[in-house]
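Enquirer:
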Amino acid sequence: MSPELEGTPAPVGTTVPESRLDPTASRAMAEYLFDRGWSDGLPVLPATQEVVEEFLLHTDRDPDEILAGLPQLDRHATVRDIALHAAMAGCRPEYLPVVLTAWEALSHERAARGGGWQSTSGPAPLVIVNGPIRHRLGVNSTGGVFGPGFRANMTIPRALGLTVRNGFGVVPQQLEQATQGIPGRWFHCVGEDEESSPWAPHSAETGVPAGQDAVSVVLTRTSEFIDNRSFRSAGELLEDIADTLQRRGPWIFRSSSAVLVLNPAHARALDDEGLSKQDVRQWLVEQAGHTEADLAAVGKALSDRPFGPFDPDHFHPAVTDATPASLPIVVAGSSNAAISMVVRVFSTWSGQSFPVH
Amino acid sequence: MTAGILDPTISSISRRGRPGEPAATTQAVAAPQVDSLRDKRVGLLENTKRNAAALLDAVGTVLAETDHVDLVRMTKPEFAMPLAADVVERIIRDCDVVVIGIGDCGSCSAAAVADGIALEQRGVPVAVLCTEAFEVTSRAMAALQGRPDFPVLLMPHPIANLTDGDLTERGQTLASRVRGHFLSPAA
Numbered sequence: 368m369s370p371e372l373e374g375t376p377a378p379v380g381t382t383v384p385e386s387r388l389d390p391t392a393s394r395a396m397a398e399y400l401f402d403r404g405w406s407d408g409l410p411v412l413p414a415t416q417e418v419v420e421e422f423l424l425h426t427d428r429d430p431d432e433i434l435a436g437l438p439q440l441d442r443h444a445t446v447r448d449i450a451l452h453a454a455m456a457g458c459r460p461e462y463l464p465v466v467l468t469a470w471e472a473l474s475h476e477r478a479a480r481g482g483g484w485q486s487t488s489g490p491a492p493l494v495i496v497n498g499p500i501r502h503r504l505g506v507n508s509t510g511g512v513f514g515p516g517f518r519a520n521m522t523i524p525r526a527l528g529l530t531v532r533n534g535f536g537v538v539p540q541q542l543e544q545a546t547q548g549i550p551g552r553w554f555h556c557v558g559e560d561e562e563s564s565p566w567a568p569h570s571a572e573t574g575v576p577a578g579q580d581a582v583s584v585v586l587t588r589t590s591e592f593i594d595n596r597s598f599r600s601a602g603e604l605l606e607d608i609a610d611t612l613q614r615r616g617p618w619i620f621r622s623s624s625a626v627l628v629l630n631p632a633h634a635r636a637l638d639d640e641g642l643s644k645q646d647v648r649q650w651l652v653e654q655a656g657h658t659e660a661d662l663a664a665v666g667k668a669l670s671d672r673p674f675g676p677f678d679p680d681h682f683h684p685a686v687t688d689a690t691p692a693s694l695p696i697v698v699a700g701s702s703n704a705a706i707s708m709v710v711r712v713f714s715t716w717s718g719q720s721f722p723v724h
Numbered sequence: 004m005t006a007g008i009l010d011p012t013i014s015s016i017s018r019r020g021r022p023g024e025p026a027a028t029t030q031a032v033a034a035p036q037v038d039s040l041r042d043k044r045v046g047l048l049e050n051t052k053r054n055a056a057a058l059l060d061a062v063g064t065v066l067a068e069t070d071h072v073d074l075v076r077m078t079k080p081e082f083a084m085p086l087a088a089d090v091v092e093r094i095i096r097d098c099d100v101v102v103i104g105i106g107d108c109g110s111c112s113a114a115a116v117a118d119g120i121a122l123e124q125r126g127v128p129v130a131v132l133c134t135e136a137f138e139v140t141s142r143a144m145a146a147l148q149g150r151p152d153f154p155v156l157l158m159p160h161p162i163a164n165l166t167d168g169d170l171t172e173r174g175q176t177l178a179s180r181v182r183g184h185f186l187s188p189a190a
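If you read the protein sequences in the order shown, they are chains C and G. Under our numbering, the first residue of the first sequence is numbered 368, with each subsequent residue one higher. Under our numbering, the first residue of the second sequence is numbered 4, with each subsequent residue one higher.
1) If you draw a straight line from the C-alpha of residue 724 of chain C to the C-alpha of residue 580 of chain C, how long is it?
2) Looking at residue 712 of chain C: is its Cβ nearer than 8 Å to the Cβ of residue 587 of chain C?
3) Span of the beta strand (DSSP E) holding residue 47 of chain G?
4) For the putative contact between residue 116 of chain G and residue 106 of chain G, defined by C-beta atoms under 8 Å, what is the C-beta separation to the nearest angstrom?
5) What is the DSSP secondary structure of residue 633 of chain C, reduced to helix, strand or coil?
6) DSSP state of residue 184 of chain G, grouped into three classes?
7) Using a Cβ-Cβ cutoff of less than 7 Å, which residues in the same chain neighbour residue 413 of chain C once the five nearest sequence positions on both sides are dropped?
8) Which residue from G:150, G:161, G:41 puts its Cα closest to that of residue 487 of chain C?
9) In terms of alpha-carbon separation, which member of C:517, C:585, C:433 lies closest to residue 367 of chain C?
10) Which word fits residue 25 of chain G, buried or exposed, when buried means at least 16 other C-beta atoms lie within 10 angstroms of its C-beta?
11) Any contact of the segment 58 to 74 of chain G with the segment 437 to 452 of chain C, i.e. 3+ C-beta pairs under 8 Å?
12) Please give the ranges of any beta strand (DSSP E) in the segment 41 to 106 of chain G, keeping only runs that are unbroken, at least 3 residues long and fully inside the region.
13) Let me know if residue 627 of chain C comes out buried or exposed under the rule of 16 or more other beta-carbons within 10 Å of its beta-carbon.
14) Could you tell me which whole alpha helix (DSSP H) segments of length 4 or greater appear in the segment 487 to 521 of chain C?
15) What do you reckon, are the CB atoms on residue 520 of chain C and residue 507 of chain C nearer than 8 Å?
16) Are the C-beta of residue 476 of chain C and some C-beta of chain G separated by less than 8 Å?
17) Kindly list the residues whose CB is nearer than 6 Å to the CB of residue 701 of chain C, restricted to its own chain and excluding five residues on each side of it in sequence; keep chain order.
18) Using the beta-carbon count (16 or more within 10 Å), is residue 39 of chain G buried or exposed?
19) Quick check on the DSSP output: the beta strand (DSSP E) that includes residue 157 of chain G runs from which residue to which?
20) With a threshold of 8 Å between beta-carbons, can residue 8 of chain G be considered close to chain C, or not?
21) Could you tell me which chain C residues have their CB closer than 8 Å to the CB of residue 147 of chain G, listed as they occur along the chain?
22) Rounded to the nearest angstrom, how far is the Cβ of residue 131 of chain G from that of residue 100 of chain G, given a contact under 8 Å?
23) Within 8 Å (strictly less), CB to CB, does residue 399 of chain C reach chain G?
24) Anyone know if the C-beta pair for residue 119 of chain G and residue 58 of chain G falls short of 8 Å?
25) For residue 649 of chain C, which of C:680, C:672, C:617, C:606 has the nearest alpha-carbon?
26) Please look up how many angstroms separate the CB atoms of residue 465 of chain C and residue 504 of chain C, rounded, as I've assumed it's under 8 Å.
27) Please tell me whether residue 544 of chain C and residue 613 of chain C are closer than 8 Å, where the distance is taken between their beta carbons.
28) Tell me which residues of the segment 479 to 491 of chain C have at least one Cβ-Cβ distance to chain G shorter than 9 Å, keeping chain order.
29) Between the Cα of residue 137 of chain G and the Cα atoms of G:157, G:78, G:152, G:171, which residue gives the shortest distance?
30) Can you find a C-beta in chain C that's less than 8 Å from the C-beta of residue 25 of chain G?
31) In whole angstroms, what separates the C-alpha of residue 691 of chain C from that of residue 173 of chain G?
32) Find the residues of chain C that neighbour residue 113 of chain G, judging by a C-beta separation of less than 9 Å, and give them in chain order.
33) Are the C-beta atoms of residue 109 of chain G and some chain C residue less than 8 Å apart?
34) DSSP state of residue 543 of chain C, grouped into three classes?
35) Could you tell me which uninterrupted alpha helix (DSSP H) segments, each at least 4 residues in length, are contained entirely in the segment 392 to 440 of chain C, listed from first to last along the chain?
36) Check whether chain C comes within 8 Å of residue 193 of chain G, counting only Cβ atoms and requiring the distance to be less than that.
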């Protein structure tokens, strides 16, 4: 077990003695819940009033506070509703504050309040967890950080998806119109490996002091890895990252933002050459991008947009500016290979982390 | 033993029905009958989607020639959201009928239908334009609003990459469908 997960509470069973657990009844219950149309395609757990009350013991929020909603559908979710969705998703009761704070964060995102959940792009909320709560809940931030294998990382974002499906009624091929969707859409949750990072945590750059429990959520599309174990200088590594960052495929607006999830080896290599996180950001914003002619070559010229026109050799940066909102950088993953990830952002991110409660 | 299981589609704050089940069907508020478009003020409510303004303009240009309508061009800046109250008031004040579009994505098609139903309930005849690719989500929104029979004018998808020539051609076809829609007894 990684040091990260020491102190993780041992899995608690049900209150029923093992000898009385009933596999037949469990299967029948799972099938019943599928038949009701309440599942995202994987088995869900039944939620009762007692279960919801047990979850609510872990938050100081008013159970009747409305924390999420889609005004255009006149659908809203209270703290109590979200506890129900978290229970069905397979969360442990103590995960609830992270799920609630994730919804608080999403409610600050214009794209999530608007048409994001109904969109053809089918965006995935990437939940980023900072602070000691990672250890208390067993939120993985090291090997295999994008999953699977860790209950908190899988069930916390799944609770968001079940809120969208059941709470808002945004069901695939009906009000949800994802063209192809995103692999693992409701399973994107990473802890930041603050202990292995040479830099200040992501949360400290986005509004919550280091050492405090924080959650931020970025609506993302899909991810592309950078596997570079052979670079000999920070410059080579940054060139490689920039090459991935500036892909024209995901470029649909004036720029094309991303979350950079650096594994600790890459982060340390950059730090060893004296680069701060902001230096890395600055370098990538300056170097990654395409000319108007490059974009025109794939039918994505920006000249006919309201902010145009542009000369053919005008350089469009891939990322709008060198801020943590436009290019969040998170350190996570194992150091066993120099592999990092570019996670494409859907629209724009507001750049805020929120204290967990 | 399923009696204690909570239904996740019912919020603790609302007692409305589950999505997917037929919503309580509301009586269609009869928007005033349109006998002729001649000299009417026709609102063109574009939603900022690529080519939406151009296509509505093409429709409007034809109607201006054939029916001598006055065009009122308006923009809905947030295509996924309900119409702002002041925009609704402006439409009621300035337009006799409204053409809404283009619903060519998941959220904007549903929102266009919701806007159409809201305006119709305020007595404004509407023509909502969506692409065929979003028929299901348009219908789902209509049902959610209690108007499963709400008419949506469907056209081939996509719109975003149509050329100026295509748009003019589309405008011709659509204008006669829009006229027919407004003049039919059901509109």
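Ideal placement from N, C-alpha and C gives every residue a C-beta, glycine not left out.
Expert: Taking the coordinates as given:
1) Looking up residue 724 of chain C in the first sequence gives position 357. Looking up residue 580 of chain C in the first sequence gives position 213. The straight-line gap from Cα to Cα measures roughly 9 Å.
2) For the purposes of this step, residue 712 of chain C is taken as residue 345 along the first sequence, with counting starting at 1. For the purposes of this step, residue 587 of chain C is taken as residue 220 along the first sequence, with counting starting at 1. Contact flag set, yes.
3) The residue given as residue 47 of chain G occupies position 44 in the second sequence. 44 to 49 is the extent of the beta strand (DSSP E) around residue 47 of chain G.
4) As a working note, residue 116 of chain G is residue 113 in the second sequence. As a working note, residue 106 of chain G is residue 103 in the second sequence. Right, their Cβ atoms sit about 7 Å apart.
5) Position 266 of the first sequence holds residue 633 of chain C. Three-state DSSP puts residue 633 of chain C in a helix.
6) Your numbering for residue 184 of chain G matches position 181 in the second sequence. The answer is helix: DSSP assigns residue 184 of chain G an H, G or I state.
7) The residue labelled residue 413 of chain C in the question sits at position 46 within the first sequence. For residue 413 of chain C, where only same-chain residues beyond five positions count, the Cβ hits under 7 Å are 396, 400.
8) Numbered from its first residue, the first sequence carries residue 487 of chain C at position 120. Minimum Cα distance to residue 487 of chain C is reached at G:161.
9) Absent from the structure is residue 367 of chain C, since the part of chain C shown begins at 368 and ends at 724.
10) The residue you call residue 25 of chain G lines up with position 22 of the second sequence. For residue 25 of chain G, the predicted structure reports a pLDDT of 48, less than 50, and the residue's modelled location is therefore unreliable. A value from the coordinates is still provided. Looking at its Cβ environment, which holds fewer than 16 other Cβ atoms inside 10 Å, residue 25 of chain G is exposed.
11) no
12) 44 to 49, 73 to 78, 100 to 106
13) What you label residue 627 of chain C is simply residue 260 of the first sequence in a count that begins at 1. By the neighbour-count rule (16 or more Cβ atoms within 10 Å), residue 627 of chain C is buried.
14) 500 to 504
15) As a working note, residue 520 of chain C is residue 153 in the first sequence. As a working note, residue 507 of chain C is residue 140 in the first sequence. Going by C-beta atoms, residue 520 of chain C is nearer than 8 Å to residue 507 of chain C.
16) Reading the first sequence from its first residue, position 109 is the one you call residue 476 of chain C. Not closer than 8 Å to any Cβ of chain G, the Cβ of residue 476 of chain C fails to qualify, so no.
17) Walking along the first sequence from the start, residue 701 of chain C turns up at place 334. Here the set comprises 509, 510.
18) As a working mapping, residue 39 of chain G is identified with position 36 in the second sequence. Exposed.
19) Locating residue 157 of chain G in the second sequence gives position 154, counting from the first residue. Element bounds for residue 157 of chain G: 156 to 158.
20) As a position in the second sequence, residue 8 of chain G is number 5, starting the count at 1. Chain C contact via Cβ: present.
21) Your numbering for residue 147 of chain G matches position 144 in the second sequence. Result: 440, 536, 542.
22) Here residue 131 of chain G refers to the residue found at position 128 when the second sequence is read from its first residue. Here residue 100 of chain G refers to the residue found at position 97 when the second sequence is read from its first residue. Between residue 100 of chain G and residue 131 of chain G the Cβ distance is about 12 Å, and since that is not below 8 Å, they are no contact.
23) For the purposes of this step, residue 399 of chain C is identified with residue 32 of the first sequence, where counting begins at 1. Yes, residue 399 of chain C lies at the interface with chain G (some Cβ there is under 8 Å from its Cβ).
24) Reading the second sequence from its first residue, position 116 is the one you call residue 119 of chain G. Reading the second sequence from its first residue, position 55 is the one you call residue 58 of chain G. Against a cut-off of 8 Å, the Cβ pair of residue 58 of chain G and residue 119 of chain G comes out as no contact.
25) Reading the first sequence from its first residue, position 282 is the one you call residue 649 of chain C. Nearest option by C-alpha distance: C:606.
26) To locate residue 465 of chain C, count along the first sequence from 1; it is residue 98. To locate residue 504 of chain C, count along the first sequence from 1; it is residue 137. Between residue 504 of chain C and residue 465 of chain C the Cβ distance is about 7 Å, and since that is below 8 Å, they are a contact.
27) Locating residue 544 of chain C in the first sequence gives position 177, counting from the first residue. Locating residue 613 of chain C in the first sequence gives position 246, counting from the first residue. Not in contact: residue 544 of chain C and residue 613 of chain C (Cβ atoms no closer than 8 Å).
28) 480, 481, 482, 483, 484, 485, 486, 487, 488, 489
29) Counting from one through the second sequence, the residue named residue 137 of chain G turns up at place 134. The option with the nearest alpha carbon to residue 137 of chain G is G:157.
30) Here residue 25 of chain G refers to the residue found at position 22 of the second sequence. Interpretation of residue 25 of chain G is limited by its pLDDT of 48, a score under 50 that renders its predicted location unreliable; no figure is taken from the coordinates.
31) As a position in the first sequence, residue 691 of chain C is number 324, starting the count at 1. As a position in the second sequence, residue 173 of chain G is number 170, starting the count at 1. Roughly 44 Å separates the two Cα atoms.
32) Along the second sequence, one-based indexing puts residue 113 of chain G at 110. The answer, in chain order, is 439, 440, 482, 485, 542, 544.
33) Taking the first residue of the second sequence as position 1, residue 109 of chain G is located at position 106. By this cut-off, residue 109 of chain G is an interface position.
34) In the first sequence, residue 543 of chain C corresponds to position 176, counting from 1. Three-state DSSP puts residue 543 of chain C in a strand.
35) 416 to 423
36) Only positions 4 to 190 of chain G appear in this structure, which leaves residue 193 of chain G out of reach.
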